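**Student:** Take a look at this one; I'll ask things after.
2 protein chains.
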Amino acid sequence: MPEQAVTAQSEDFSRWYNEIVYRADLAAPSPVRGCVIIKPYGYEVWEGIKAGLDRRFKATGHQNAYFPLFIPESYIKREAEHVEGFSPELAVVTHAGGKELEEPLVVRPTSETVIGEAFSDWIQSYRDLPLLINQWANVVRWELRTRPFLRTAEFLWQEGHTAHATHDDAEAETMQMLDIYAEFAHDDAAIPVIKGEKSRLERFAGALRTYTIEAMMRDKRALQSGTSHNLGQNFAKAFDIRYLAESNQQEYCWTTSWGLSTRMVGAVVMAHGDDKGLRLPPVLAPHQVVIVPIYRRDAQRGAVMETVERLRLTLVEAGIRVHVDLREGQSPGFKFNDWEMRGVPLRLEVGPKDVEKDSAVLARRDRLGRAGKSFVPQAGIAAAAEELLAAIQRSLLEDARQFRDEHIQDARSYSELREVIETGDWARAAWAGSDADELQVKEQTGATIRCFPFDAGASSPCVKTGKPAERVALFAKAY
Amino acid sequence: MPEQAVTAQSEDFSRWYNEIVYRADLAAPSPVRGCVIIKPYGYEVWEGIKAGLDRRFKATGHQNAYFPLFIPESYIKREAEHVEGFSPELAVVTHAGGKELEEPLVVRPTSETVIGEAFSDWIQSYRDLPLLINQWANVVRWELRTRPFLRTAEFLWQEGHTAHATHDDAEAETMQMLDIYAEFAHDDAAIPVIKGEKSRLERFAGALRTYTIEAMMRDKRALQSGTSHNLGQNFAKAFDIRYLAESNQQEYCWTTSWGLSTRMVGAVVMAHGDDKGLRLPPVLAPHQVVIVPIYRRDAQRGAVMETVERLRLTLVEAGIRVHVDLREGQSPGFKFNDWEMRGVPLRLEVGPKDVEKDSAVLARRDRLGRAGKSFVPQAGIAAAAEELLAAIQRSLLEDARQFRDEHIQDARSYSELREVIETGDWARAAWAGSDADELQVKEQTGATIRCFPFDAGASSPCVKTGKPAERVALFAKAY
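Here the protein sequences come in this chain order: A and B.
Each residue of the first sequence is one higher than the one before, starting from 1 at the first, in the numbering used here.
Each residue of the second sequence is one higher than the one before, starting from 1 at the first, in the numbering used here.
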């Protein structure tokens with residue numbers, strides 16, 4: 001059956017996104033409002049993300065643990081800003097075991113409160129610090145407008161929670177974890193992100209400072225892809241997390257939290273995809289190589305399949321994730337399109353002529369057509385595939401970097417900022433405005449301050465107020 | 001600080017269990033009724049369990065996916081036995097986003113219903129079968145009496161859900177997964193389990209047949225450690241899971257489900273632990289070897305620590321999980337006791353004399369005292385550790401098997417059955433009773449039918465009714 005082509009990104013990016021997510025089998029709609037089902041192909045991408053992060057967390061001394069899904073309602077209320085930030089989004093269990101509960105239980109939207117309560121039990125003295133915990137879990141935030149992976153009522157994530165003796169230790173941890181997110185995005189997801197600090201308005205509810213990695217999608221919108229919070233002593237004071245210092249004084253701890261979610265799957269889709277569909281970075285691709293056997297007559301089948309199986313084994317032995325498309329009744333052309341849509345980095349074609357000549361064809365997903373095809377001897381298949389996979393990983397990163405850099409413009413005045421945002425690009429502008437100024441920019445342009453990038457200092461006055469500015473802000477429309 | 005000794009198993013097994021769980025830092029109490037916090041040491045055991053199962057699931061063609069936490073209340077009600085079985089244990093979300101929901105959402109106690117609904121969308125024809133899905137998730141069952149790992153309001157598990165074209169395919173899958181559970185228990189957890197079928201009374205709510213692996217704990221109670229269900233066409237009919245057969249007829253699928261949970265952590269504690277504490281099987285132990293540096297004077301420290309670090313690296317390179325106990329201000333004796341309590345399979349002691357003689361001491365957790373000590377040359381440390389770890393894995397399994405076999409007795413009459421159960425042992429008895437007979441045994445003895453083991457056929461009449469019996473039942477008091 002001929003499949004309809006995917007909507008072009010330029011025509012309707014949002015529709016393109018939904019089509020790809022469902023047609024590439026990353027997710028399926030669910031009967032529960034605002035929730036999706038993560039299908040095996042999408043879940044494998046998430047497993048790759050988990051593995052890449054978990055390895056880095058453990059290498060920096062963090063340990064996984066698991067805390068309850070339910071949080072007593074009174075806990076959420078203990079930190080004033082926290083309750084204000086999360087109250088509108090809570091799902092609440094009022095009945096259990098056939099009875100009404102004495103105190104309603106909130107389904108965790110994030111776990112600072114219940115983990116804060118635990119930390120206050122676990123930490124006695126400076127010897128117990130730092131305490132470095134991570135949790136892989138599901139969380140629920142009752143959002144009104146949802147989109148698969150980007151914003152769903154329930155999502156999967158990791159949330160790190162740490163406690164430290166001093167402000168500086170907590171700050172160093174906050175930055176270390178932001179760096180780990182950025183390194184993961186860069187090396188594994190092939191997404192060049194911009195690290196920076198969030199404005200007061202965009203800060204996590206209850207944090208002293210929030211840092212973020214911001215990525216540019218192919219429609220030029222920004223996607224906040226991971227955040228790391230220095231919580232100061234706010235939660236330590238609300239949950240009485242204290243330690244006996246070497247000085248023999250009781251001191252409040254300094255805590256941090258940091259999270260990255262299944263939203264990253266959406267980031268991979270929107271940072272790399274094209275009009276043909278997904279383009280998965282080899283590090284995260286469930287199948288790095290798909291083998292499509294090609295034969296016209298049944299007489300050719302045996303020899304082709306024998307070669308296919310031999311090449312498959314060679315690639316598997318080299319540590320490459322391989323899938324053989326054995327579907328009957330589908331033409332090679334249909335299969336090529338299907339796997340291009342599903343974003344497999346490399347396609348290996350094996351036909352009767354290849355069997356004869358001891359060769360095979362490798363076709364790159366990131367360079368369609370003749371330009372991306374290599375004719376390689378079968379004996380060198382593993383080395384050739386490894387080299388091409390590395391090249392694809394680099395080229396996706398480079399593509400994304402180039403696209404991003406072409407679409408960030410400096411704005412020296414407020415009218416320039418408005419013009420830049422109108423083109424869809426991101427605007428870099430000196431900023432010294434108030435919260436009210438920031439809100440006005442949002443109302444007038446639709447853009448928000450994504451972050452104050454670390455590597456930029458201001459050399460001109462604030463674009464909005466004309467006041468002397470110390471920082472440069474990055475403005476963009478965002479998901 | 002001197003720690004109090006652990007309560008002896010013989011004195012109060014239940015208290016022993018709770019003490020070990022908390023003192024070995026497997027779990028911590030939580031402020032949420034019926035829930036515990038799984039601490040890093042316990043979570044690492046669970047990570048080992050997950051890895052061992054996930055590998056086996058994938059090797060047999062299963063794929064992971066993720067389905068919503070919330071299930072519309074109406075779904076639960078669609079399969080008549082299912083709703084009857086689970087209704088009393090449900091936690092219900094009635095409010096979300098500040099509003100009362102039109103339809104309450106149940107927090108999943110298990111996912112047959114929501115996955116059944118998805119399968120009915122995904123499956124069109126026989127080409128889509130078998131559909132082999134697994135989910136790693138948290139579930140909630142509002143139990144009245146809870147115990148860490150064994151029975152908690154929320155727990156972590158995997159639930160497999162598959163759909164097939166025929167009854168026989170579904171039955172083969174059900175048995176394959178039971179075999180995988182048994183193999184995992186045997187090879188990884190060193191627990192020899194008994195495979196068999198559950199009685200009608202103990203069947204999963206909505207299943208045609210339920211199979212189980214049953215393990216004997218050190219207090220001789222039985223622990224149901226994993227179950228595999230042939231669901232027949234019950235859920236397929238309730239959720240309209242149909243496929244177009246090769247005959248061009250619409251047919252209902254045959255489905256299965258199977259689950260194993262964090263309860264397995266409790267099984268490991270209770271199947272192997274002794275009066276000194278935990279004894280972890282090497283395959284699942286977070287630390288397989290703990291190194292305790294020993295020195296009296298600061299002058300000795302440098303040389304000892306240099307050797308410790310060298311041996312640590314050698315072991316890590318051999319793929320062994322090693323922890324060095326660097327705690328200051330604690331005596332070696334304290335550390336020995338602490339790690340024995342925490343069940344680390346092998347302790348490596350390095351003192352000034354070992355440095356001098358190029359040797360080291362390896363001490364087995366499963367054989368305390370002199371009998372379990374080996375003096376090995378440092379050059380052969382990795383090989384010696386590997387060999388001992390394999391020996392410990394075998395000996396824990398052998399211990400558990402011997403203990404189990406010593407405590408299962410044949411009962412040829414009802415009075416013999418009562419006597420056997422009174423000693424705490426398990427009774428093997430020919431059975432042809434009704435549900436009412438089975439309930440009466442439970443009332444009169446406290447024992448339930450754990451399963452009808454596969455490998456046993458009856459050669460005498462039913463112990464309760466005197467009727468001709470085809471099957472042998474295993475009776476025991478259980479968790």
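Glycine included, every Cβ here is placed at the ideal spot set by N, Cα and C.
From a predicted model like this one, the values you see are computed outputs, not experimental measurements.
1. Mind checking whether B:Trp431 and B:Cys462 have CB atoms under 7 Å apart?
2. Buried or exposed for A:Gln124, please, with buried defined as at least 16 other CB atoms from any protein chain shown within 10 angstroms of its CB.
3. What would DSSP say about B:Glu159, mapped onto helix, strand or coil?
4. Nearest chain B C-beta to A:Pro148 closer than 7 Å, yes or no?
5. So, for B:Gln393: in the same chain, excluding its five sequence neighbours on each side, which residues have a beta-carbon less than 7 Å away from its beta-carbon?
6. Which runs of the beta strand (DSSP E) spanning at least 3 residues fall entirely within the region 274 to 341 of chain A, listed in chain order?
7. What are the boundary residues of the beta strand (DSSP E) that includes A:Lys195?
8. Use the C-beta contact count for A:Asp358: other C-beta atoms within 10 angstroms, 16 or more gives buried, fewer gives exposed.
9. Whose C-alpha, out of B:Ala65, B:Arg151, B:Tyr17 and B:Ala24, is nearest the C-alpha of A:Val36?
10. At what residues does the beta strand (DSSP E) containing A:Gln409 begin and finish?
11. Using a Cβ-Cβ cut-off of 7 Å, state whether B:Ser261 counts as contacting chain A.
12. For A:Thr94, which of B:Val106, B:Phe155, B:Gly457 and B:Gly196 has the nearest alpha-carbon?
13. Counting C-beta neighbours from all protein chains within 10 Å, is the total for B:Ser261 16 or more, i.e. buried, or is it exposed?
14. Check this for me: beta carbons of B:Trp254 and B:His164, under 7 Å apart or not?
15. As a quick exercise: from A:Ala215, A:Ala285 and A:Asn234, pick the residue whose alpha carbon is nearest that of A:Arg401.
16. Does DSSP classify A:Ala400 as helix, strand or coil?
17. Against chain B, with Cβ distances strictly below 7 Å, would A:Pro68 count as a contact?
18. If I measure Cβ to Cβ from B:Gln444 and keep anything under 8 Å in the same chain, skipping five residues before and after, which residues do I get?
19. I need the straight-line Cα distance from A:Gly206 to A:Val472, nearest angstrom please.
20. Can you have a look at B:Gly446 and say buried or exposed, based on whether 16 or more other CB atoms are within 10 angstroms of its CB?
21. Could you name the residues of the same chain whose beta carbon sits closer than 8 Å to that of B:Asp92, not counting the 5 residues immediately before and after it, in chain order?
22. What would DSSP say about B:Glu202, mapped onto helix, strand or coil?
23. Give the interface partners of B:Trp142 over in chain A, defined as CB-CB distance under 7 Å, in chain order.
24. Could you run through the region 318 to 345 of chain A and flag, in chain order, every residue whose CB is less than 7 Å away from some CB of chain B?
25. Spell out whether any CB of chain B is found under 7 Å from the CB atom of A:Glu84.
26. Here's the rule: buried if 16 or more other CB atoms are within 10 angstroms of the residue's CB, otherwise exposed. What is B:Thr110?
27. What residues from chain A crowd round B:Val92, counting only those whose CB sits closer than 9 Å?
28. What does the alpha-carbon distance come out to for the pair A:Glu19 and A:Glu246?
29. Determine, using beta carbons only, whether A:Phe235 and A:Glu79 come nearer to each other than 7 Å.
30. Could I get the ranges of all uninterrupted alpha helix (DSSP H) runs contained in the region 21 to 75 of chain A, with 4 residues as the minimum, in chain order?
31. With a threshold of 7 Å between beta-carbons, can A:Gln63 be considered close to chain B, or not?
32. So A:Ala488 contacts chain B; which residues on that side make the cut at Cβ distance below 8 Å?
33. Closer than 7 Å, CB to CB, is A:Cys253 near chain B or not?
34. Write down the C-beta distance between B:Tyr43 and B:Asp25 rounded to the nearest angstrom, noting that I regard them as a contact closer than 8 Å.
35. Residues of chain A with CB closer than 7 Å to the CB of B:Ile38, please, in chain order.
36. Judging by CA-CA distance, which residue of B:Val289, B:Asn248 and B:Arg33 is the nearest neighbour of B:Ala318?
**Tutor:** On the basis of the data shown:
1. Going by beta carbons, B:Trp431 and B:Cys462 fall inside the 7 Å limit.
2. Exposed is the call here.
3. In this structure, B:Glu159 counts as strand in the three-state DSSP scheme.
4. It does not; no Cβ of chain B falls within 7 Å.
5. Excluding positions up to five away in sequence, the list reads Ala190, Pro281, Pro282 and Val283.
6. Counting whole runs of 3 or more residues, the region 274 to 341 of chain A contains the beta strand (DSSP E) stretches 289 to 293 and 322 to 324.
7. A:Lys195 -> beta strand (DSSP E) spans Ile194 to Glu197.
8. Burial call: exposed.
9. Per the C-alpha coordinates, the member of B:Ala65, B:Arg151, B:Tyr17 and B:Ala24 positioned closest to A:Val36 is B:Ala65.
10. Per DSSP, A:Gln409 belongs to the beta strand (DSSP E) from Ile408 to Asp410.
11. Interface annotation, B:Ser261: not in contact with chain A, CB-CB separation never under 7 Å.
12. Per the Cα distances, B:Val106.
13. By the neighbour-count criterion, in which 16 or more other beta carbons inside 10 Å mark a residue as buried, B:Ser261 falls on the buried side.
14. Closer than 7 Å, so yes.
15. Looking at the Cα atoms, A:Ala215 is the closest of the given residues.
16. Collapsing the DSSP output to three states places A:Ala400 in a helix.
17. Interface with chain B (7 Å Cβ-Cβ cutoff): A:Pro68 is included.
18. Arg418.
19. Their Cα atoms are separated by approximately 24 Å.
20. By the neighbour-count rule (16 or more Cβ atoms within 10 Å), B:Gly446 is not buried but exposed.
21. According to the sequence as given, residue 92 of chain B is Val; it is not Asp. Cβ contact annotation for B:Val92 (same chain, cutoff 8 Å, sequence separation greater than five): Glu73, Pro104, Leu105, Val106 and Val107, in chain order.
22. In the structure shown, B:Glu202 sits in a helix (DSSP, three-state: H, G or I).
23. Result: Ala96 and Gly97.
24. Going along the region 318 to 345 of chain A in chain order, one finds no residue with a Cβ nearer than 7 Å to chain B.
25. Chain B contact via Cβ: absent.
26. B:Thr110 sits buried, since 16 or more C-beta atoms from the chains shown fall within 10 Å of its C-beta.
27. Taking a Cβ-Cβ cut-off of 9 Å, the neighbours of B:Val92 in chain A comprise Val93, Thr94, His95 and Ala96, given in sequence order.
28. Looking at the two C-alpha atoms, the distance is approximately 59 Å.
29. Contact: yes.
30. If we require 4 residues or more, the alpha helix (DSSP H) runs fully inside the region 21 to 75 of chain A come out as 40 to 59.
31. Closer than 7 Å to some Cβ of chain B, the Cβ of A:Gln63 qualifies, so yes.
32. Since the first and last residues shown for chain A are 1 and 479, residue 488 of chain A lies out of range.
33. So, not an interface residue.
34. With 8 Å as the limit, B:Tyr43 and B:Asp25 do not qualify as a contact, their Cβ atoms being about 10 Å apart.
35. By Cβ distance, chain A contributes Ala65 and Tyr66.
36. Closest by alpha carbon: B:Val289.
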